[in-house]
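Read through the structure below, which is laid out as structure tokens, and then see the notes.
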Amino acid sequence: QVQLVESGGGLVQAGGSLRLSCAASKTIFRLNYMGWYRQAPGKQRELVAAITSDDSLNYADSVKGRFTISRGNAANTVYLQMNSLKPEDTAVYYCTAGPYDSSTWWGQGTQVTVSS
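Okay, so the sequence shown: first residue is 24 according to our numbering, each after it adds one.
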């Protein structure tokens, strides 16, 4: 069973930045699809950003120009650089990954809170 471990969440003021990290363990094959979703209280989980098998980048409209997703130099790692954070970005952020272009495994989530 692939395990995804997130880190980097926390409390930040509006306009600030955070960098989320996700590392996969217990896998010897490349995770072609890696991404981040988020879920705010009372809302459905939504895609934030993802890297697909051909290294295409997908972003939610609400984060375009502010967030950047990238693969790490280490195998099966992914980062989410979040700049110009807004209170509406407050949510639990989940790392997700899969061998194909879809989510197969999920991390436990990391809380991001943006104060106004």
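Just so it is clear, CB atoms sit at the ideal spot from N, CA and C, and this is done for glycine as well.
These numbers were taken from a predicted model, which means no experiment stands behind them.
Exposed is the label assigned to residue 28, since fewer than 16 other Cβ atoms lie within 10 Å of its Cβ. Within the model, the alpha-carbon separation for residue 50 versus residue 99 is close to 9 Å. Taking the C-beta atoms as reference points, residue 123 is found no nearer than 8 Å to residue 81. If you draw a straight line from the Cα of residue 73 to the Cα of residue 102, it comes to about 10 Å. Where residue 100 is concerned, the enclosing beta strand (DSSP E) starts and stops at 100–105. Residue 89 and residue 41 have their C-alpha atoms roughly 11 Å apart. Nearest to residue 109 by C-alpha distance, out of 45, 68, 38, 33, is 38. The stretch 38–110 is shown to contain whole beta strand (DSSP E) runs of 3 or more residues at 41–48, 56–62, 69–74, 80–82, 90–94, 100–105, in chain order.
Around the beta-carbon of residue 112, 16 or more other beta-carbon atoms lie within 10 Å, marking it buried. Beta-bridge annotation (DSSP): residue 115 is paired with 62, 134.
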